[in-house]
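A short write-up of the structure that comes next.
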Amino acid sequence: MISACGGNGFAGGGGGRVSVDVFSRHDEPKIYVHGGSSLGCPENAGAAGTLYDAVPRSLIVDNYNKTTDTETLLLEFPNQPLWTNVYVRNKARATVPLLWSRVQVQGQISILQGGVLSFGLRHYATSEFELLAEELLMSDSVMKVYGALRMSVKMFLMWNSQMLIDGGEDINVATSLLEASNLIVLRGSSVIHSNANLGVHGQGLLNLSGPGDWIEAQRLVLSLFYSIHVGPGSVLRGPLENATTDDVTPKLYCDNQNCPSELLHPPEDCNVNASLSFTLQICRVEDILVEGLIKGSVVHFHRARTITVESSGIISASGMGCTGGLGRGNILSNGIGSGGGHGGNGGDACYDDNCVEGGISYGNADLPCELGSGSGNGSLTVTTAGGGIIVVGSLEHPLSSLSIQGLVNADGGNFEPAIRNGKFAIFDNLTGGPGGASGGTILLFLHTLGIGESAVLSSVGGYSSSNGGGGGGGGRIHFHWADIPTGDVYQPIAIVKGGIQTRGGKGKGQGGSGANGTITGKACPKGLYGTFCEECPAGTYKNVTGSDKSLCHHCPVNELPHRAVYISVRGGITETPCPYQCVSDRYHMPECYTALEELIYTFGGPWLFGLFLIGLLILLALVLSVARMKFVGVDELPGPAPTQHGSQIDHSFPFLESLNEVLETNRVEESQSHVHRMYFMGPNTFSEPWHLPHTPSEHIQDIVYESAFNTFVDEINAIAAYQWWEGAIYSVLSVLAYPLAWSWQQWRRRLKLQRLREFVRSEYDHACLRSCRSRALYEGIKVNATSDLMLAYVDFFLGGDEKRTDLPPRLHERFPMSLLFGGDGSYMAPFSLHNDNILTSLMSQSVQPTTWYRLVAGLNAQLRLVRRGRLRVTFRPVLRWLETHANHALSVHGVRVDLAWFQATSSGYCHYGLVVYALEEERCPAPGESTDGTLRTEERLRIQSVKKEHPLGLTRNRAHLSSGGRIEDNYMRRRTNGAALDVNNLQMIDEKRDIFYLLSFILQNTKPVGHQDLVGLVISMLLLGDFSLVLLTLLQLYSISLVDVFLVLFILPFGILLPFPVGINALFSHGPRRSAGLARLYALWNLTSFINVVVAFLCGYIHYNSQSSSSKRQPSFQPWSIMDESEWWIFPAGLVLCKLFQSQLINWHVANLEIQDRSLYSNDFELFWQS
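Numbering (full-length UniProt numbering), first residue to last: 1 to 1171.
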């Protein structure tokens, strides 16, 4: 241990001096040079001595934690060689009491653990000192400077330490400079304080870490740092808040009307200059982050890049302006003052009806640079000061970005009266007080600005709490935008969500409130307006420079098309015509027409387009008609229908009699072996397929084995039945598109008939027949059906090896004979009597073939008009015709036919047809005789007493007049399994009507009208018109929504499009019978498409209602339709009418195809049979 300590005594002795110059040390010795303890004053021990270690060239002043007020003298520091480190620690106090000195070390100067290092003399603060080192470290210590300090270090770190600079009154030493090239950090309530001018320079980071960290001076300049961070609770301040009269106080230019040039054009060097008006300047700093407080009278940020004020941050010049000033308030005799003026006039002061005006407004709102004014009486003990000035950037060097989440304010001072101060009253509500001060100036030279929701940018006037005092006027805030982008490169220069306030302060009592200040911005270029140079609203344009919103003129209304709205463009609108866009992508520029309207107006408008469309339809219809006549004209010539089944001829139509002679031999040979025709029961639907009864008819009991026949029937019925999935598909298609369901049913029926024929022809062994030859050759049984595939029958023939002379039976032996109608009376399958070679040959035994052919043709013509659901009404003309035309002609041959029902099934379905029998008397009614079927009274009473046994309500015990030539009912029922119908029991038919019954009034078989070519031409025109209207409707719906187009197309699927190709196919098909069938299918598709048209109606109606409501809210909005919003229904309604006309014309067209001889409907008996 080495010790050179001061001795202990009533006053402690000072420490000695030790110098160690030993290079090699095995153990570090303990060396003590502290002062001795003072018994008389324990707080003032002896001063510490010095320890100099020559090897590292370090000077240590250490008092070993003994408190002392006595300083250790340090005089000149050596220049060669320089000391490396200097340590003042453990409550040691070192001083350099020279007028001028230079302290330079190679390494650190550390002031630690209560150490104090001072320069100069306290009462003679005229010294200048230079401090040069690599690092200056201060921890729980103090550095005092009396005079001026020039410090230059690389790193300056402070922890709970103070640097106190007393500049005195000598202006020559009133400026101190602290320079740290790398880093300055203040932590733990560290303070740098100067009562004069202070410049802090650096090239790195200045960080005030948290609460209690302060840098303050009368005039403070921070410069050259790349970043300054003012942490939460830390403060940058200039001038001092409570400066003494000895301090070098900045002089504010309160009474100067001219703006100091340095506010707009500050010097580039960023030096501390007492002649400038700034009290706090941050110069040449890249990024400034404010989470604490920056406060000054004239605060200037020069050549900075970004400033960010967080939510806890404040940049303030509030109450830091003038107590007088150009807009100072006035004082009443009782001491009550009016408010100071600046951006707005100050509030008047009034008391007992005595008033004095407030301060005047002054300055330039477009480029303000004035301090706020105070209450106006500096002689009073209590005054209010106006707001100061905050200048961000300059004309030459605007700030790139200012982001505010906290407060930036230059508010005027408020007056709060002090009721008592000790035992003396200073001011109260009764004795008066000053008014509120005016707000100051916030002048911002910026590129971009962001103000958050919680941020406030304010320069408001102060309020007065004295009774009758006036409020201060609002200050001025000006945004001087450096570069306002325009045109396509425009971007918003300000995002303002928080508050910007320049309101006047409130007075009290009779005192008036101050007027509001001004918020201005640089004049905006063309297309932009307002303080923040925003784009003019849509529908306005601005072609002059300025910021007033009234400069944004409304765009001419006549230049805006229907269904268009004006839009904003980047950089605003600078000239007319103003840009616009259509209200929907469905409309097309430049006129905002829909696709439909573009088409219409291309041809000159609705009327010209309509005429053009009609002309085009007529032309195309003529072309189609000519092509159709050339293509199918031969098949439509009057004459017999073409042969469809081998040698069989459809005799429902008139034909040349020579054909009868050619085929007579084949018909006779086939009829010679025919025994009986057994009809299938059921309509051949998926729910009720064809089936044969198990009991053989009495006509074939002699040629079949009954047990084998039952087996045959079971096999036939099994084949005729449908699979479940076939009916399921039919049900689904019925919902989606009924024409497809009908086509599916016909296809499955056709396949079923082919399967039955193949089974009987090739697979069945004919075991039920008694004829050995028939069993061996697989002959004797044939299956056939009507063309509508609803009625099938089995023909039984002799095999040729029978030894019976009574077979086959003659025609009269077969009476009564049943002839069932095909079809079910619907539009797609009307009733018809199927005539073939066998039937013709049989009937030729009693009736001439030509007579029979004519009768069948006439009967089928009448049966076409019978409609299911109205059988009671539509069967009456058939009964009348049978009496007047058929039976009258047949009576000469001893034969009569009656309408009858046959083979009722368990579900209630029955077939209708004719029963043929021989007349028992030669009498027949004359053509002009009544044919109402009147019965004798006793017979009518007998009929009414018979119970209805048939499910359809037909009497099964109907008696016929034997005297009138009718067969007895019991006998007929036994032979035919049915009953005859007349006008009396016709009303007993129990007709079942469903939801589709009403459609029969649209789709119905009619009488032919002739003019086949004209009807075809009109159908072609309507077909083309239908397709055109469909396309126009879809284009119209496309202008509403693609969803509407989808709904119309798929409810029902493609139902609105398919009538056109189906109709073309029907018009260009060969043969009357085929053409008629396809025309019926065309009619079915045409009717089905009504559902799609209804969907189009609904879509248009819904859109019209929604459009009408939106038009009420926006009266300037134009309707979407061609001419007027109420005409949305035109195309759908046109489709409805077109389809209705098509339906009627198709009915006529089908009638013309199926009934080419119009004399079949002649009421003249002679004319009918002569044709």
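Positions of the beta carbon are idealized from the N, C-alpha and C atoms, including for glycine.
DSSP places Glu130 within a strand segment (E or B) once states are collapsed to three. Contact between Ser400 and Arg284 is absent: CB atoms are separated by about 14 Å, not below the 8 Å threshold.
Between the C-alpha atoms of Asp982 and Pro877 there is a straight-line separation of about 11 Å.
The secondary-structure analysis by DSSP pairs Ile484 with nothing; it has no beta-bridge partner.
Around Ala886, the same chain offers Leu855, Gly858, Leu859, Val897 as residues with beta carbons nearer than 8 Å, after the five sequence neighbours per side are excluded. By the CB criterion at 9 Å, Cys533 and Ile484 fall inside the cutoff. Taking C-beta atoms as the reference points, His911 and Leu791 count as a pair closer than 9 Å.
For His554 against Gly530, the beta-carbon gap comes to about 17 Å, at or over 8 Å, which does not count as contact.
The residue from Asp1013, Ile404, Cys259 with its alpha-carbon nearest to that of Tyr362 is Cys259. Lys154 sits close to Ser181, with the two beta carbons spaced by under 9 Å. A distance below 9 Å separates the beta carbons of Leu1017 and Leu622.
For a cut-off of 8 Å, the C-beta gap from Ala47 to Thr84 is around 24 Å, too long to register as a contact. In this model, Phe445 and Gly470 are separated by some 33 Å (Cα to Cα). Per DSSP, the beta bridge partners of Ala494 are Leu449. In the structure shown, Tyr738 falls within a helical segment according to DSSP collapsed to helix, strand and coil. Here the alpha carbon of Val460 sits roughly 6 Å from the alpha carbon of Gln501.
Listed in chain order, the alpha helix (DSSP H) elements of length 4 or more contained wholly in the segment 695–739 are 706–720, 724–736. Our two residues, Lys630 and Asn1065, have alpha carbons roughly 15 Å apart in a direct line. With respect to the 9 Å criterion, Val61 and Thr126 are not classified as neighbours on the basis of their beta carbons. At a cut-off of 4 residues, not a single continuous stretch assigned as alpha helix (DSSP H) sits fully inside the segment 353–387. Beyond the five residues adjoining it in sequence on each side, Leu613 comes within less than 7 Å, by CB distance, of Ser1028 in the same chain, given in chain order. A residue is called buried when at least 16 other Cβ atoms come within 10 angstroms of its Cβ; Asn65 does not meet this threshold and is exposed.
When DSSP states are grouped into helix, strand and coil, Ile1102 belongs to the helix group. When DSSP reads this structure, Cys555 sits in no beta bridge, so it has no partner. In the DSSP secondary-structure assignment, His691 is bridged to Met681.
Looking at the DSSP output, Gln501 bridges to Ser458. For Ser38, the closest alpha carbon among the candidates Phe815, Gly12, Val18, Tyr52 is that of Gly12. Under DSSP, Val1062 shares a beta bridge with no residue. Remark: three or more beta-carbon pairs, one from each stretch, lie closer than 8 Å, so the segment 191–211 and the segment 220–239 are flagged as touching.
Runs of the beta strand (DSSP E) lying entirely within the segment 807–845, each at least 3 residues long, are 817–822 in chain order. If you keep only unbroken alpha helix (DSSP H) runs of at least 4 residues inside the segment 595–624, you get 595–602. A residue is called buried when at least 16 other Cβ atoms come within 10 angstroms of its Cβ; Cys41 does not meet this threshold and is exposed.
In the same chain as Ala918, and ignoring 5 residues on each side of it, the C-beta atoms closer than 7 Å to its own belong to His812, Phe815, Gly894, Val895, in chain order. Annotation note: the segment 159–218 contains the following uninterrupted beta strand (DSSP E) runs of length 3 or greater, listed N- to C-terminal: 162–166, 175–187, 191–194, 197–202, 205–208, 214–216. Taking C-beta separations shorter than 8 Å and ignoring five residues to either side along the sequence, the partners of Trp881 in its chain run Gly858, Leu859, Gln862, following chain order.
Boundaries of the alpha helix (DSSP H) harbouring Cys772: 772–777, taken from the DSSP string.
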